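Trainee: To get this note's numbering, take the position in the sequence shown, counting from 1, and add 1.
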Amino acid sequence: MSAALPASMRAVPIDWAKVRDDFPILRRKVHGKPLVYLDSANTSQKPRQVIEAVDEFYREHNANVSRAVHQLSEEATALYEGARTAMAGFLGAGHRDEIVLTSGTTMATNLVAYSFLLPRLKPGDAVLVTAMEHHADIVPWQLLCKLTGAHLKVAPIRESGELIVEKFVAALTPEVKFAGVVHVSNVLGTINPVKELARECRRRGIPLLVDGSQAAPHLPLDVKSLGCDFYCVTGHKMCGPTGTGALWARRELLDAMPPFFGGGEMIRTVSFEGTTFADAPRKFEAGTPNIAGFAGLAAAVEYLSGIGMDRIAARERELLDYATPRLLAVRGLRIFGTAPEKAAVISFLIDGVHAHDLATLLDHEGVAVRSGHHCAHPLMQFYGVAATCRASLAFYNTEAEIDAFVDAIGRVRKLLA
Ligand code: PMP
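Encoded structure:
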């Protein structure tokens with residue numbers, strides 16, 4: 002399975018209204034108004050195919066994985082391992098054993114922090130991140146810095162929300178032992194030039210982790226050609242269940258990494274004198290996983306791949322191009338993040354209106370947007386604001402919803418004026 006469709010199929014038009022019908026929640030009302038869900042960067046909605054896969058797991062296959070020889074356990078194991086295979090195909094991994102199934106991106110970055118990086122850091126070393134990282138790609142490294150005497154370096158961004166690539170490259174000095182970069186910013190929508198950054202890191206022998214949480218749901222991916230060392234995704238933002246995700250890493254890195262936490266499932270033999278571990282990726286998957294969730298994640302990957310990530314990217318670009326000028330036409334509205342290479346995430350503020358007030362009143366109009374710091378405090382500090390409102394679009398949104406959103410902003414503005 003591959004996320005990119007063959008050229009012959011890309012020409013076949015998609016009936017986006019039919020796609021939208023797959024999402025039962027989008028038919029509901031909120032405060033008596035039709036729901037306009039513009040918070041997919043927070044968590045995406047789930048198509049019935051995913052909901053049914055989770056339901057079917059508990060109705061038909063529920064058992065623990067890899068532990069029993071009975072039929073149900075074999076079925077549960079096949080579904081769980083099926084998610085690994087599906088994710089390997091979706092990300093373009095060289096081998097399914099390069100995929101560690103995790104509870105999400107946060108689990109993946111912490112796994113890399115404690116298993117890979119902790120043994121490699123010493124006082125005076127540095128970890129390089131960018132000014133637009135999510136806390137999941139800042140705080141784990143900071144915790145390690147506290148433990149080891151290393152420090153964090155930050156590559157700056159422009160006012161437009163673009164990474165200043167030459168400053169990132171200049172910051173790759175010998176004390177830098179690791180770098181972490183978000184592929185697509187959850188606040189600004191900026192798509193970072195990961196391939197170029199990976200090339201520069203590789204040239205200097207610096208391992209690079211890419212936080213793909215906001216890229217995997219929106220862009221065709223091929224981790225092999227990106228050239229990074231670690232790639233993290235979270236299932237609930239890509240139409241899958243919460244509590245699922247994956248870490249992709251080069252096989253030789255995973256093989257050399259020790260387990261991060263221990264327990265059942267990840268061992269070869271255990272005695273009180275010592276334990277030997279299973280091979281990667283199982284040595285990183287201690288305990289009973291979210292099996293039903295991974296059955297759903299496999300269905301989500303199949304669903305997205307069936308539409309085609311290139312078509313999803315193109316449709317979301319259309320929606321972004323439709324929404325942006327209409328929002329900019331609202332008096333006093335400022336958009337944060339204007340990079341030309343941008344995903345369909347629009348952070349904004351309106352002069353004199355608090356982000357939370359705006360989001361609360363929009364909710365009463367049936368429009369779900371997120372307000373707050375979006376787990377990116379340093380980015381808020383860069384722009385000198387405490388919070389923004391964020392409308393994040395997905396392929397199941399429509400132009401009519403964007404119109405309803407812009408109209409609702411107009412009404413709310415009058416109320417707050
Ligand atoms: N990185 C980015 C860019 C994100 O948007 C998010 C989720 N908001 C995360 C990491 C963390 O994902 P999770 O909470 O699912 O682990």
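Where a beta carbon is used, it is the ideal one built from N, C-alpha and C, also for glycine. What you are looking at is a predicted structure, and each value in this text was computed from that prediction instead of being measured.
Does ligand 1 have a heavy atom nearer than 7 Å to the CB of G297?
Mentor: No, the Cβ of G297 stays beyond 7 Å of every heavy atom of ligand 1.
Trainee: Quick check: what's the CA-CA separation for I26 versus I165?
Mentor: Looking at the two C-alpha atoms, the distance is approximately 40 Å.
Trainee: Which value, in whole angstroms, describes the spacing of the CA atoms of E57 and R252?
Mentor: Those two C-alpha atoms are separated by around 33 Å.
Trainee: In chain order, which alpha helix (DSSP H) runs of at least 4 residues are fully inside the region 19-64?
Mentor: DSSP runs (the alpha helix (DSSP H)) wholly in the region 19-64: 49-57.
Trainee: Just the C-alpha distance for F261 and S116, rounded to the nearest angstrom, thanks.
Mentor: Near 5 Å, if we compare the C-alpha coordinates of S116 and F261.
Trainee: Apart from the five residues just before and just after K284, which ones in its own chain have a Cβ nearer than 6 Å to its Cβ?
Mentor: Only P260, M267 and F278 meet the Cβ criterion.
Trainee: Who are the near neighbours of F406 in its chain, counting only those whose CB is closer than 7 Å to its CB and skipping five residues on each side?
Mentor: Excluding residues within five positions, the ones whose Cβ falls inside 7 Å are V37, L39, V368 and A392.
Trainee: Quick check: what's the CA-CA separation for C233 versus V211?
Mentor: When rounded, the distance between both Cα atoms is 6 Å.
Trainee: Looking at the secondary structure, which residues open and close the beta strand (DSSP E) in which T106 lies?
Mentor: From DSSP, T106 is part of no beta strand (DSSP E) but of the alpha helix (DSSP H) over T106 to L112.
Trainee: Taking DSSP as the reference, what is the three-state secondary structure of G373?
Mentor: Three-state DSSP puts G373 in a strand.
Trainee: When every heavy atom of ligand 1 is checked, does at least one fall within less than 7 Å of the C-beta of T107?
Mentor: Checking the Cβ of T107 against ligand 1 gives yes.
Trainee: Among A330, G294, L380 and V331, which has the Cα closest to the Cα of V51?
Mentor: Residue G294 is the option with its Cα nearest to V51.
Trainee: Just checking, does the region 299-319 make contact with the region 154-174 on the three C-beta pairs under 8 Å criterion?
Mentor: Segments in contact, no.
Trainee: Determine the direct distance from the alpha carbon of S348 to that of L380, and round the result to whole angstroms.
Mentor: Going from the Cα of L380 to the Cα of S348 covers about 12 Å.
Trainee: State yes or no: is the C-beta of W142 within less than 8 Å of the C-beta of G181?
Mentor: Cβ atoms of W142 and G181: closer than 8 Å.
Trainee: Do the region 107-123 and the region 137-151 meet, that is, are 3 or more Cβ pairs less than 8 Å apart?
Mentor: Yes: at least three Cβ pairs fall under 8 Å.
Trainee: Restricting to runs no shorter than 3 residues, where is the beta strand (DSSP E) found entirely within the region 251-305?
Mentor: Segments of the beta strand (DSSP E) lying fully in the region 251-305: 268-272 and 275-278.
Trainee: Could you tell me how far apart the beta carbons of E163 and A340 are, in whole angstroms, since I believe they sit closer than 8 Å?
Mentor: Correct: roughly 5 Å between the Cβ atoms.
Trainee: With DSSP collapsed to three states, give me the class of R332.
Mentor: Coil at R332, not helix or strand.
Trainee: Would you please state the rounded distance, in angstroms, between the beta carbons of L80 and I292? I believe it to be under 8 Å.
Mentor: Right, the Cβ-Cβ distance comes to about 7 Å (below 8 Å), so this counts as a contact.
Trainee: Could you pull out every residue in the same chain whose Cβ sits closer than 8 Å to the Cβ of E274, ignoring the five residues on either side in sequence?
Mentor: Taken in chain order, the list of residues that qualify is empty.
Trainee: Please confirm whether A171 and H152 have their CB atoms less than 8 Å apart.
Mentor: Going by C-beta atoms, A171 is not nearer than 8 Å to H152.
Trainee: Would you say the beta carbon of G338 comes nearer than 7 Å to a heavy atom of ligand 1?
Mentor: No, Cβ of G338 sits at least 7 Å from all heavy atoms of ligand 1.
Trainee: Between R121 and I207, what straight-line distance do the alpha-carbon atoms span, to the nearest angstrom?
Mentor: Their backbone Cα atoms lie some 12 Å apart in a straight line.
Trainee: Within the present structure, is the beta-carbon of C376 separated from the nearest heavy atom of ligand 1 by less than 7 Å?
Mentor: Because some heavy atom of ligand 1 lies under 7 Å away, the Cβ of C376 counts as near it: yes.
Trainee: Under 8 Å between the Cβ atoms of M108 and G246?
Mentor: Yes, the pair counts as a contact, with Cβ atoms nearer than the cut-off.
Trainee: With hydrogens ignored, establish whether the beta-carbon of T235 is closer than 7 Å to any heavy atom of ligand 2.
Mentor: What this structure holds is ligand 1, not ligand 2.
Trainee: Just reading off the alpha helix (DSSP H) that H184 is part of, what are its end residues?
Mentor: Neither: H184 is in no alpha helix (DSSP H) and is coded neither H nor E.
Trainee: Which class does T191 belong to by DSSP, given the choice of helix, strand or coil?
Mentor: Looking at T191 - three-state DSSP - the assignment turns out to be strand.
Trainee: How about V177 and Q215: are their beta carbons less than 8 Å apart?
Mentor: The answer is no: Cβ separation not under 8 Å.
Trainee: So, at 6 Å on beta carbons, what are the nonlocal neighbours of A409 in its own chain, with the 5 sequence-adjacent residues on each side left out?
Mentor: So the list reads L363, E366 and V368, once near-sequence residues are dropped.
Trainee: Can you tell which of G411, A314 and F91 has the C-alpha that lies nearest to the C-alpha of A395?
Mentor: The residue with the shortest Cα to Cα distance from A395 is A314.
Trainee: For G213, name the three-state secondary structure that DSSP assigns.
Mentor: It is coil, neither helix nor strand.
Trainee: Go to L129, then tell me how far its alpha helix (DSSP H) extends in each direction, as first and last residue.
Mentor: Run containing L129: none in the alpha helix (DSSP H); it sits in the beta strand (DSSP E), A127 to T131.
Trainee: Where does K196 land, buried or exposed, given buried means 16+ other C-beta within 10 angstroms?
Mentor: Exposed, by the Cβ-count rule.
Trainee: Using a Cβ-based criterion (distance less than 7 Å to any ligand heavy atom), does D40 qualify as near ligand 1?
Mentor: Incorrect: D40 has no Cβ contact closer than 7 Å to ligand 1.
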